[in-house]
Structure formats: C-alpha cells, structure tokens
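A.B. asks: One structure coming up, written as structure tokens, with questions to follow.
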Amino acid sequence: HAAVERRGDASSTVSALCYTVAKSARGSSLHGVESGSDYKSRGMSSDNRVIFGPGVSMSTCDVKLIDDSEYELSEDFELVLSDASENARTGDLTVAKVIIDGPNDASVVTLRNATFTFSEDAGTIEIPVLRRGSDLSSVTSVWCATRLSDPPSASPGVDYIPSSKKVEFKPGKMEETCSLTIMDDVQNPAIEGPESFVVFLSSPQGAVLQEPYEANVIITDTFQDIPTMQFEKSSYTIKEKETVLHIPVIRTGDLFFKSSVRCFTRTMSAMVMDDFEERRNTDDSRITFLKGEKVRN
Numbered sequence: 158h159a160a161v162e163r164r165g166d167a168s169s170t171v172s173a174l175c176y177t178v179a180k181s182a183r184g185s186s187l188h189g190v191e192s193g194s195d196y197k198s199r200g201m202s203s204d205n206r207v208i209f210g211p212g213v214s215m216s217t218c219d220v221k222l223i224d225d226s227e228y229e230l231s232e233d234f235e236l237v238l239s240d241a242s243e244n245a246r247t248g249d250l251t252v253a254k255v256i257i258d259g260p261n262d263a264s265v266v267t268l269r270n271a272t273f274t275f276s277e278d279a280g281t282i283e284i285p286v287l288r289r290g291s292d293l294s295s296v297t298s299v300w301c302a303t304r305l306s307d308p309p310s311a312s313p314g315v316d317y318i319p320s321s322k323k324v325e326f327k328p329g330k331m332e333e334t335c336s337l338t339i340m341d342d343v344q345n346p347a348i349e350g351p352e353s354f355v356v357f358l359s360s361p362q363g364a365v366l367q368e369p370y371e372a373n374v375i376i377t378d379t380f381q382d383i384p385t386m387q388f389e390k391s392s393y394t395i396k397e398k399e400t401v402l403h404i405p406v407i408r409t410g411d412l413f414f415k416s417s418v419r420c421f422t423r424t425m426s427a428m429v430m431d432d433f434e435e436r437r438n439t440d441d442s443r444i445t446f447l448k449g450e451k452v453r454n
C-alpha cells in the first residue's frame, strides 16, 4: 500500500493514474499472473487511477506482491503518478522506488547434529552439512571451521588439525561434508578421557544458517589407549630337559599406571604334574606390570 497524499482544496473529487514500471523485479502481464512474476503490474488504464473523494486527503496505490518459491536477492520496481484529472495536478514527488527486500526463499544450511563422537584413531572424519529449501537450483557455499571448546579441552595440533575450508553445494545437491582430521597419540599413548573441540559454519553465500550451525566434536580414547597385555607369540616349543619356559607377556597402550593380568595353564595333551607344573586360575598366578614396564615373564 503506497500512500498518495492530496494537498490544497479538497472539496471536489480528483484522481491520478498510478502505474508500475519494471526494474530488477519482474511484473506480471496486465491480464494474468505468470510464473516468475514478482508483483502484479498496474497498467495505464482508467482502472488504475487513485481517486480522492470530497474531503479525502489520503489514499493508497496498491500493488500485489507475489510470493514465489525461487531464491532471489533484493529486487525493485517503480510506482509512477501521472495524468491528474482536470481540476488537479501532480506534485514534485511522482516516482517512488519499491524494494522487495531479499534474499527471499533462500535455502538453509545446517549441521546434521549438535554433537559428534569419534574414536581417537578415526583419522579423517566427515561432518555432514545439509541444505534444505524450495529452490536448490543455484550454487550455495558456506565456510566450515574449527575452534577451541569452552572451556578448552582438545588441543589443536595435538588432538586434531585446526581447519577452515569452504563447503560448496552444486545445484540440486542437499548434502556435503566438512572433512576434519583427528590426531592419534600412537607414539606416546595415554588415556586422556573424552576431549572435545567445536566445528562451526559461517559466511553462507546464497543461503542462511539454521541451528545447529555449530557442534561439539568429542574424541574418545579409552578403548585405544587402555593397556593391552598379550603373549609375544602364539606357540612355543621347549625340550623336556629344559625344565623352565619363560614366556614374554607384552604390554602396550598407556604405561603410566600399574597393570596386571592372570597367566594360567590349561591341560591339553600334556598332563598336569606328569608333564608340567600347573599355574592355577587364581590371583597367585597374576603378572603385575609396574609403571613404565612393557615386558614381563
């Protein structure tokens, strides 16, 4: 509703033509509304005159805006007043610019979840980035980056590789991924417990952000770094006269703490007491690794 004001003698009926002029916004034809139209055009016929009755000083020039489903930036058209009736004249302001604010029908970009959990040995991980909307015909992009959590937990350059990269959606594409790299402390394994950092989206082009646009990435290491104890080999051969067999037990993982494991015998073709001395499945047969120890017999 564009306001039109009359000044001066208001005792009689006067009128003026109000019509539209297309600019970046597309007007419809005068006889219908076509696909892709942004507004219903006003032509230069008498049907499009703004009429002021006696005593009326304000009226409106009405234009119907058309809400389509296409992605569009801000667009504009003009309203023009002309051809005042015989007992009136147009003033100085006869052209008004109408801006249809944009972007309109922009697609939305979001992360799939607000939390992602990965093991420390995952290496390269993929964070799903989703695009939704009525018009996916254009190219859309968004920046995907990492930052410290609050309070700080996982350390950039130690637990993960800090990153900032552009994720681009081709026409029609609804899902892309943001690739990140988690670093494993395989050289010096230590149970650190769950640690986290933040991945977030920013600076969308051709789209708007929708929550969740940031997520916590949780790194777990309990399974990877917990101490593991195992025999060095799966089979051993010994001569009967050697009497004692020393079987190395190897410990890997976090060696900062004391660990222990039972090592006991089980009868197969050799018989207890006749062929070997039994190690019972009790704590008396437990092998204990002290802090830092990797091998016990």
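Following the working numbering from start to finish, the sequence shown increments by one per residue and tops out at 454. No residue lacks a Cβ here, since even glycine has one placed at the ideal position from N, Cα and C. These numbers were taken from a predicted model, which means no experiment stands behind them.
(1) For T377, I'd like the list of residues in its chain whose CB is within less than 6 Å of its CB, leaving aside the five on either flank, ordered along the chain.
(2) Considering only residues of the segment 343 to 426, which uninterrupted alpha helix (DSSP H) runs meet the minimum length of 4 residues and lie entirely inside it, listed in chain order?
(3) For D219, which three-state DSSP category applies?
(4) Quick test of the definition: if touching needs 3 or more C-beta pairs under 8 Å, does the segment 225 to 234 touch the segment 276 to 296?
(5) Answer with buried or exposed for Y393, where buried requires no fewer than 16 other C-beta atoms within 10 angstroms of its C-beta.
(6) Please state whether the Cβ-Cβ distance between F354 and Y370 is less than 8 Å.
(7) Determine the burial state of S259: buried for a count of at least 16 other Cβ atoms within 10 Å of its Cβ, exposed for fewer.
(8) Looking only at its chain, what residues have a beta carbon closer than 7 Å to the beta carbon of K254, apart from the 5 residues adjacent to it on each side?
(9) Considering only their Cβ atoms, is the gap separating N205 from A372 smaller than 8 Å?
(10) What is the rounded straight-line gap between the Cα of S321 and the Cα of L412?
(11) State the start and end residues of the unbroken beta strand (DSSP E) segment that holds A179.
(12) Return the bridge partner residues of T267 from the DSSP annotation.
(13) Using DSSP's beta-bridge definition, name the partner residues of A167.
(14) What does a CB cutoff of less than 7 Å around F421 pick up in its chain, not counting 5 residues either side in sequence?
(15) Take the Cβ of V213 as the centre, count every other Cβ of all protein chains shown within 10 Å, and call the residue buried at 16 or more, exposed below.
(16) To which residues does DSSP link L337 through a beta bridge?
(17) Around the Cβ of V429, are there at least 16 other Cβ atoms within 10 angstroms (buried) or fewer (exposed)?
(18) Are the beta-carbon atoms of I375 and T274 separated by less than 8 Å?
(19) Is the segment 318 to 332 touching the segment 396 to 414 in the sense that three or more CB pairs, one from each, lie closer than 8 Å?
(20) What's the gap between the Cα of I284 and the Cα of R304?
(21) Can you tell me which of the three DSSP states D258 falls into?
C.D. replies: By the coordinates alone:
(1) S276 and P351
(2) 379 to 382
(3) coil
(4) yes
(5) exposed
(6) no
(7) For the record, residue 259 in the displayed sequence is Gly; it is not Ser. Answer is exposed; the Cβ neighbour count stays below 16.
(8) D233 and E235
(9) no
(10) 35 Å
(11) V171 to A179
(12) L287
(13) Beta-bridge pairing links A167 to no other residue.
(14) R436, R437, N438 and S442
(15) exposed
(16) I282
(17) exposed
(18) yes
(19) no
(20) 15 Å
(21) coil
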